[in-house]
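S.K.: This is the structure, below, for whatever I ask next.
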Amino acid sequence: MLNNFPLWPEQASTMAGHVDALYIFLLIVTGMMTLLIFTCLIFFAARFRHRPGVRAEQIEGSIPLEITWSVIPFIVFMVIFVWGAAVYFKERTPPSGAAEVYVVAKQWMWKLEHAEGQREINELHVPVGRDVKMIMTSQDVIHSFFVPAFRMKQDVLPGRYTVAWFRATKPGVYHLFCAEYCGTQHSGMVGSVVVMQPAQYEAWMNGGSTGPLSATGEKLFAELGCSTCHRADAQGRGPNLQGVFGKPVQLEDGRTVTADENYVRECILDPGGKRVKGFQPIMPTFQGLVSEEQLNALVAYIKSISADNSGAVGKTIKATAGTAAPSVQIQSSTQPKAQTNAQPNGSQVQ
Amino acid sequence: MSMPTTIPQPVERENYLNKEYGVWSWLLTTDHKRIALLYLVSITFFFFVGGFFALLMRLELLTPAGDLVQADTYNKLFTMHGMIMVFFFLIPSIPAVLGNFLVPLMVGARDLAFPRINLLSWYLYIIGGVMMMHCMLTGGVDTGWTFYAPFSTNFTNTKIVEAGLAIFVAGFSSILTGLNFVVTIHRMRAPGMTWSRLPLFIWAHYATSIIQLLGTPVIAVTIVLVAAERALHLGIFDPKLGGDPVLFQHLFWFYSHPAVYIMILPAMGVVTEIIACFSRKRIFGYSFVAFSSIAIAVFGFLVWAHHMFVAGISIYSALVFSFLSYAVAVPSAIKVFNWTATLYKGSIHYDAPMLYAFGFLGLFTMGGLTGLFLAALGINVHVTDTYFIVAHFHYIMVGGAVMGYLGGMHFWWPKISGRLYPEGWARLAALIVFIGFNLTFFPQFLLGYMGMPRRYYDYSHMPEFQVLNVLSTAGATVLGVGYLLPMVYFLWSMRYGKPASDNPWNAAGLEWKTASPPPTFNFDEEPVVTWEAYNYEELDAPHKREVPVAR
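Heads up: the sequence lines are chains L and X, in that order.
For the working numbering, add 111 to where a residue sits in the first sequence, where the first one is 1.
For the working numbering, add 993 to where a residue sits in the second sequence, where the first one is 1.
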């Protein structure tokens, strides 16, 4: 049983070391504070225990002491605060060029889809040493994507995207938990993250793909009739979407927003909400007409046609059956600025 | 005044307990001391109901498989445990029992400012409690005590509206108690009882009352919004209806974080009194301890979103809330240092209340310091929603608040009941509670950092968590014994305990200058205060034993 009894979680991502370092620092600092307080308590309790004939000495207080034990802890707290914030910013800012995985959570299951088109349930295969960005949404209630070995957790909300990222450092199979209580089978909403060597990963990736997500999106884009207004060759009744993703967009009401995942999603579900300047409010809502998976595909498609050098994006996707191509396609489609903006809830209207 | 009793021998003075007998003399009383006892009986009932649920949960977690109860049952267990312990035990515990009993006595008043409203607040509590029990017995709720939307508004089919209504009603009881305390402390202090002479117990309750008054309405509003979305499908929280689920969390924690201070501030007040008395000293840095209570109450309102660092809030707002969370830790640290310094050059006695106070200091310190981990953004991401959180808040709310409550019950029991409890048993119970508590909750810190999520009834996918869970369950049974003991010997002492003198601890404070138990209107003559709080120097002076209140 002791084999199953490690007191420290495995470190399997680049963040794990950062989080553990801060954790150990805190263990030392709080350990010293505890030691100090407990030593004083125990020493005073023993030294000044009641003895017949000895009376307590009344002491009013001491302002220098009060200042000392307010200011010193405060300084220590600030060190922790700044360190903690630095780690958090690293945790929350996906690097550009990360491979993308779309996650749809539902009671009580994780559905994952790689940009390359591989679909998985409750299992995520990733290669060692590659940044992976998760673009997550929920079909029903709030869930939370938690991989202890990566020290990574992010709530998954219905109605919008949240983003998380990691870079695995060690091959192995790691727990994936739902950390936000979500109903009856909450504790059954578990799975695993399988970290593989790049070669193995490529082999796995080549088995049974249905084509890249953006190709599915392209097909949908035509099927749903989006392409009749959002024309690629000329400016139609809707804005031309080539090259829009990740760029600032001027809205009818004067605001400027960045066209990130959440913005694209919102425009599909609530076209009137953040209308682009100069266009009529004629687009119907697709709320209830497209599933979360279809939305993801559409978002992936719109991203793919904003890849910088892509006059012929549709064509480059064909290459994804090969090995290294997906990262090429993804690299250019994600600007760091867009990702930081995907975090704040400022992008919500209603 | 009529003759107190017809039984010839031991002539008992007339007091609030023997003045009248009969059910109605209790159910229609406006005496703050009797209402305190009504609360004592009711919260004890809920404490053991909530505790029973906790024990069932710990038994379920003894083995990795979900084999003792069903998933839904387990979900209801932790929900009802949380709702009952928070809203029907912890929040009313010290304020409504000890505060109710002691605030008028300590400020030298005949009663609270609004005695009838005080009785009303108990009835509201009972109505809320009966609704909660009804809700529980007819199906219960499975949302967790945090009842996050949209799960609570559009997905669960359990009785969330009824439970919400129960909390809504009980919330008004809390508001009214707070109102009563604020007015009493402002308006009804005895002549000479200036703000700087008030016992720190009163300062703590004053700060608590402010939170109760300002915070509780927000949870009431939140409950109404949940009910509205559930019943009328108004789009407030569920994105499918056009709402925002994160808004719910902001509203919920705007109350529920300060609510933690409703629980811990009164316990800090209790411990301050006990430490002063049993080290025979004035409190070190009186005004710093007093104002740190106020600072906690104020800052406590500004840190709510530290519960939401992974919930999808902006990283910049997370930064602000992390900073403010460290700011609120400073006044708590000031308190701990001042208590410690009070022991210096004291003359320390180890009676049972002091043992509970020492227990409080140890556990609260650990709870507070682990709060530093959680306020650190980078670590919070990993440990939030795991057992680390569960351990942390139990160290504060059980290790802190319940230790304080038990310490206070022991300290003032002679005043409340007029009897002495058996000292040896009480010391033993304090020790058992301390050991049981640590055994239950310390392993949960380790579990949390290893990554075990909270609210899991089945961990058969991760059997590596079993050893620590077994330790925790073992601790819970020890803790259960520790909590049962005081109830047994308190009850026993009411009949068989030695009669207590007016001031068995030779303690400072007006409540000790009247009889034990006190007469209905507390003081036979209005006291006039001419001394500072914690005047242990005079009390221990060898010759002059001042008795300022003539009886």
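Each residue gets a CB set at the ideal place from its N, CA and C atoms; glycine is no exception.
Could you tell me the alpha carbon to alpha carbon distance between Y1398/X and H1300/X, rounded to whole angstroms?
M.R.: The residue given as residue 1398/X occupies position 405 in the second sequence. The residue given as residue 1300/X occupies position 307 in the second sequence. For Y1398/X and H1300/X, the distance between alpha carbons rounds to 26 Å.
S.K.: Just list the residues that DSSP pairs R230/L with in beta bridges.
M.R.: Along the first sequence, one-based indexing puts residue 230/L at 119. Looking at the DSSP assignment, R230/L forms a beta bridge with E224/L.
S.K.: In chain X, which residues lie less than 7 Å from C293/L when you measure between Cβ atoms?
M.R.: Within the first sequence, the letter at position 182 stands for residue 293/L. Correct list: F1144.
S.K.: Quick check on the DSSP output: the alpha helix (DSSP H) that includes Y470/L runs from which residue to which?
M.R.: What is shown of chain L runs 112 to 461, which leaves residue 470/L out entirely.
S.K.: For a cutoff of 8 Å on Cβ pairs, would you count Y134/L as touching chain X?
M.R.: One-based indexing of the first sequence puts residue 134/L at position 23. So, interface residue.
S.K.: What residues match up with A1501/X in a beta bridge as DSSP calls it?
M.R.: If you number the second sequence from 1, residue 1501/X lands on position 508. In the DSSP output, where bridge partners are listed per residue, A1501/X has none listed.
S.K.: To the nearest angstrom, how far is the alpha carbon of A345/L from that of T339/L?
M.R.: For the purposes of this step, residue 345/L is identified with residue 234 of the first sequence, where counting begins at 1. For the purposes of this step, residue 339/L is identified with residue 228 of the first sequence, where counting begins at 1. Near 11 Å, if we compare the C-alpha coordinates of T339/L and A345/L.
S.K.: Taking all protein chains shown into account, decide if V1219/X is buried (16 or more other Cβ within 10 angstroms of its Cβ) or exposed.
M.R.: Counted from its first residue, the second sequence places residue 1219/X at position 226. By the neighbour-count rule (16 or more Cβ atoms within 10 Å), V1219/X is buried.
S.K.: For V1214/X, which of helix, strand or coil comes out of DSSP?
M.R.: Your numbering for residue 1214/X matches position 221 in the second sequence. In the structure shown, V1214/X sits in a helix (DSSP, three-state: H, G or I).
S.K.: In whole angstroms, give me the CA-to-CA distance for L331/L and S402/L.
M.R.: One-based indexing of the first sequence puts residue 331/L at position 220. One-based indexing of the first sequence puts residue 402/L at position 291. Each residue's alpha carbon lies about 11 Å from the other.
S.K.: Could you list the residues in the region 162–186 of chain L with a C-beta less than 8 Å from some C-beta on chain X, going in chain order?
M.R.: R162, V165, R166, A167, E168, Q169, I170, E171, G172, S173, L176, E177, W180, S181, P184, F185
S.K.: Does the Cβ-Cβ distance between L1432/X and G1468/X come in under 8 Å?
M.R.: For the purposes of this step, residue 1432/X is taken as residue 439 along the second sequence, with counting starting at 1. For the purposes of this step, residue 1468/X is taken as residue 475 along the second sequence, with counting starting at 1. Taking 8 Å as the Cβ cut-off, L1432/X and G1468/X qualify as a contacting pair.
S.K.: Short of 6 Å in beta carbon distance, which residues of its chain neighbour P1520/X, apart from the five on each side in sequence? Order them along the chain.
M.R.: Residue mapping note: residue 1520/X aligns to position 527 of the second sequence, counting from 1. Excluding sequence neighbours, P1520/X sits near G1101, A1183, L1503, V1542.
S.K.: Against chain L, does R1180/X count as a neighbour if the rule is that its beta carbon must be under 8 Å from one of theirs?
M.R.: Here residue 1180/X refers to the residue found at position 187 when the second sequence is read from its first residue. So, not an interface residue.
S.K.: For I246/L, list the residues DSSP reports as bridge partners.
M.R.: Taking the first sequence and counting its residues from 1, one reaches residue 246/L at position 135. Note: I246/L sits in a beta bridge opposite Y213/L, V274/L.
S.K.: Decide if L352/L is buried, meaning its Cβ has at least 16 other Cβ atoms within 10 Å, or exposed.
M.R.: In the first sequence, the residue the question calls residue 352/L occupies position 241. With 16 or more other Cβ atoms within 10 Å, it is buried.
S.K.: Whose C-alpha, out of T280/L, G294/L, A226/L, is nearest the C-alpha of S255/L?
M.R.: Translated into positions along the first sequence, residue 255/L becomes position 144. The residue with the shortest Cα to Cα distance from S255/L is G294/L.
S.K.: Between F1427/X, I1372/X, A1213/X, A1288/X, which has its C-alpha nearest Y1388/X's C-alpha?
M.R.: Here residue 1388/X corresponds to residue number 395 of the second sequence, with the count starting at 1. Taking only the C-alpha atoms, the option nearest Y1388/X is F1427/X.
S.K.: Relative to the C-alpha of P1510/X, which candidate in A1500/X, Y1449/X, W1406/X, Q1437/X has its C-alpha closest?
M.R.: For this step, residue 1510/X is matched to residue 517 along the second sequence. Residue W1406/X is the option with its Cα nearest to P1510/X.
S.K.: Applying the 10 Å Cβ sphere with the 16-neighbour rule, what's the burial state of P468/L?
M.R.: The requested residue 468/L is not part of the displayed model; chain L covers only 112 to 461.
S.K.: Is any beta-carbon of chain X found at less than 8 Å from that of F159/L?
M.R.: The residue labelled residue 159/L in the question sits at position 48 within the first sequence. Judged by the 8 Å Cβ criterion, F159/L is in contact with chain X.
S.K.: Is the region 1301–1320 of chain X touching the region 1268–1275 of chain X, taking contact as three or more C-beta pairs under 8 Å?
M.R.: The count of Cβ pairs closer than 8 Å, one atom from the region 1301–1320 of chain X and one from the region 1268–1275 of chain X, stays below three, leaving the stretches out of contact.
S.K.: Compute the minimum distance between the beta carbon of L1356/X and the heavy atoms of the ligand NAP, and state whether it is under 7 Å.
M.R.: The ligand content of the structure shown is nil, which means the ligand NAP is not present either.
S.K.: Which residues of chain X have a Cβ atom closer than 8 Å to the Cβ of P205/L, listed in chain order?
M.R.: Translated into positions along the first sequence, residue 205/L becomes position 94. Result: empty, since nearest Cβ-Cβ is about 12 Å, beyond 8 Å.
S.K.: Straight-line CA distance for P1057/X to N1462/X?
M.R.: Here residue 1057/X refers to the residue found at position 64 when the second sequence is read from its first residue. Here residue 1462/X refers to the residue found at position 469 when the second sequence is read from its first residue. When rounded, the distance between both Cα atoms is 9 Å.
S.K.: Quick one: which chain L residues come within Cβ less than 8 Å of K1506/X?
M.R.: Translated into positions along the second sequence, residue 1506/X becomes position 513. Within chain L, no residue comes near K1506/X; the closest Cβ sits about 20 Å away, beyond 8 Å.
S.K.: Using a C-beta to C-beta distance shorter than 7 Å, which residues of chain L count as neighbours of R1448/X?
M.R.: The residue you call residue 1448/X lines up with position 455 of the second sequence. Neighbours of R1448/X on chain L, chain order: Y292, H297.
S.K.: Please confirm if the region 262–271 of chain L is in contact with the region 233–241 of chain L, defined as three or more CB-CB distances below 8 Å between the two stretches.
M.R.: Not touching, per the Cβ criterion.
S.K.: Verify the CB distance criterion: does Q405/L have a CB-CB separation below 8 Å to chain X?
M.R.: Position 294 of the first sequence, counting from 1, holds the residue named residue 405/L. Taking Cβ atoms only, chain X never reaches closer than 8 Å to Q405/L, which makes this a no.
S.K.: Opposite S1035/X in the DSSP bridges: which residues?
M.R.: Your numbering for residue 1035/X matches position 42 in the second sequence. Its beta-bridge partners do not exist; DSSP assigns none.
S.K.: Taking DSSP as the reference, what is the three-state secondary structure of K1274/X?
M.R.: As a working note, residue 1274/X is residue 281 in the second sequence. Here K1274/X carries a coil assignment [DSSP, helix/strand/coil].
S.K.: If I'm right that G1339/X touches F159/L with Cβ under 8 Å, what's the distance once you round it to whole angstroms?
M.R.: In the second sequence, counting from the first residue as 1, residue 1339/X sits at position 346. In the first sequence, counting from the first residue as 1, residue 159/L sits at position 48. Sure, about 5 Å apart at Cβ, within 8 Å.
S.K.: Quick one: which residues of the region 258–276 of chain L get their C-beta closer than 8 Å to a C-beta of chain X? List them in chain order.
M.R.: P259, A260, R262, M263, K264, Q265, D266, L268, P269, G270, R271, T273
S.K.: Can you give, in chain order, each stretch of the alpha helix (DSSP H) that sits fully within the region 1325–1412 of chain X and has at least 4 residues?
M.R.: 1345–1368, 1370–1376, 1380–1387, 1396–1410
S.K.: Report the residues of the region 190–203 of chain L with a CB closer than 9 Å to any CB of chain X, ordered along the chain.
M.R.: Taking 9 Å as the Cβ-Cβ cut-off against chain X, the residues of the region 190–203 of chain L that qualify are I191, F192, W194, G195, A196, A197, V198, Y199, F200, K201, E202, R203.
S.K.: Keeping to the same chain, check which residues put their C-beta closer than 7 Å to that of F1281/X; ignore five residues upstream and five downstream.
M.R.: By one-based count along the second sequence, residue 1281/X stands at place 288. Hits under 7 Å: I1327, N1331.
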